[in-house]
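Going by UniProt numbering, the letters in the sequence shown line up with residues 1 to 258, in that order.
Read the structure below first, then the notes.
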Amino acid sequence: MSVSDLRAPITSEGGAVTLPADKWLQGRTLFGGASALVAYTAAVRAFPDLPPLRAAQIGFVAPVGKDVETRAAMVRQGRNVAQVRSELLVEGKVALTAFWLFGTGREANAVHAAAKADPWPGAPEENDSAMTDKGPPFIVNNFDIRRAQETQGPGEPIVRRWFRLTDRGELDRVSELILVGDTLPPGAMRAMQRQGPISSINWSFNILDAELGTRDGWWLGETASQHAGAGYSSERLRLWNADGVQVMDGLQSVAVFG
């Protein structure tokens with residue numbers, strides 16, 4: 001079952017669909033990147049002439065299962081920027097809400113590159129495999145993961161990993177970034193005093209360069225807890241290609257239980 005199967009049921013009209021969710025489960029819900037991809041697909045199929053995606057704000061409201069209803073609405077379409085809202089409903093109630101910002105490219109008046117990945121962990125082929133026989137179904141079934149830091153277990157609240165999809169199907173670049181951008185566990189995992197469940201509440205991100213590809217499908221991801229307390233962690237999520245060029249920058253609020 002490829003990623004294409006996950007998107008296949010979604011139509012331009014929206015409405016009820018049944019997703020092949022088993023391969024993409026994270027506990028009792030669809031993996032956040034997969035559910036975000038479904039919402040994005042609903043938006044771009046409803047409005048197929050949109051300019052490139054620049055940013056998004058996603059709220060993970062409730063568990064998303066295989067039976068969902070999709071809907072999308074144009075909030076505003078200006079000369080250069082279009083803003084679209086899409087939602088996934090389960091049993092008539094909103095389970096995911098997303099706000100997508102699409103923008104036409106303009107002549108640049110400010111230009112500077114994002115910082116390259118530092119410290120550089122070495123190429124993915126130079127690092128050991130990780131999570132080959134453990135983890136939620138969406139990891140075991142869909143990803144090849146390599147280590148990208150020496151830290152294991154408790155320590156500085158940062159998680160870095162190389163990862164790639166084992167079968168990306170016919171994904172366009174933006175859809176791939178949405179699917180993989182939320183792959184890693186939060187950095188707060190390394191600061192937890194005892195084991196317990198964790199759950200993403202929201203995810204906001206900017207796409208820095210949607211056209212930039214990567215080598216052999218490899219992406220370097222990082223989640224870093226900026227602050228944790230009162231049962232929540234504020235996380236920064238970053239994604240680089242295999243050459244260390246950053247392509248996505250994001251923020252996330254995570255509930256830390258236990």
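C-beta: ideal position from N, C-alpha, C; glycine also.
Less than 8 Å between the C-beta atoms of residue i and residue j, yes or no?
| i | j | result |
| --- | --- | --- |
| Leu165 | Phe138 | no |
| Leu96 | Trp162 | no |
| Phe99 | Arg85 | yes |
| Leu237 | Gln252 | yes |
| Leu179 | Val44 | no |
| Gly181 | Gly250 | yes |
| Arg146 | Pro119 | no |
| Thr104 | Asn141 | no |
Which residues mark the beginning and the end of the alpha helix (DSSP H) in which residue i is found?
| i | result |
| --- | --- |
| Asn141 | Pro137 to Asn142 |
| Ala43 | Gly32 to Ala46 |
Let's test the definition: count the other Cβ atoms within 10 Å of the Cβ of residue i and tell me whether it reaches 16, buried, or not, exposed.
| i | result |
| --- | --- |
| residue 272 | Past the edges of the chain, shown from 1 to 258, lies residue 272, and the structure says nothing about it. |
| Gly78 | exposed |
| Phe60 | buried |
| Thr151 | exposed |
| Gly229 | exposed |
| Met74 | exposed |
| Arg160 | buried |
Could you spell out where the beta strand (DSSP E) holding residue i opens and where it closes?
| i | result |
| --- | --- |
| Asp67 | Asp67 to Gln77 |
| Leu96 | Lys93 to Gly103 |
| Ile207 | Asn202 to Ile207 |
What whole-angstrom Cβ distance do residue i and residue j have, given they're in contact under 8 Å?
| i | j | result |
| --- | --- | --- |
| Arg7 | Leu37 | 7 Å |
| Ile207 | Ala55 | 7 Å |
Using beta carbons (cut-off 8 Å, strictly below), is residue i in contact with chain C?
| i | result |
| --- | --- |
| Asp216 | Reference to chain C is not applicable here, since this structure consists of a single protein chain. |
Checklist entry - Using 8 Å as the threshold, is the stretch 181-192 in touch with the stretch 230-245, meaning 3 or more CB pairs across them? => result Under the three-pair Cβ rule at 8 Å, the stretch 181-192 counts as touching the stretch 230-245.
Checklist entry - With a cut-off of 8 Å, do at least 3 Cβ pairs link the stretch 51-69 to the stretch 12-26? => result yes
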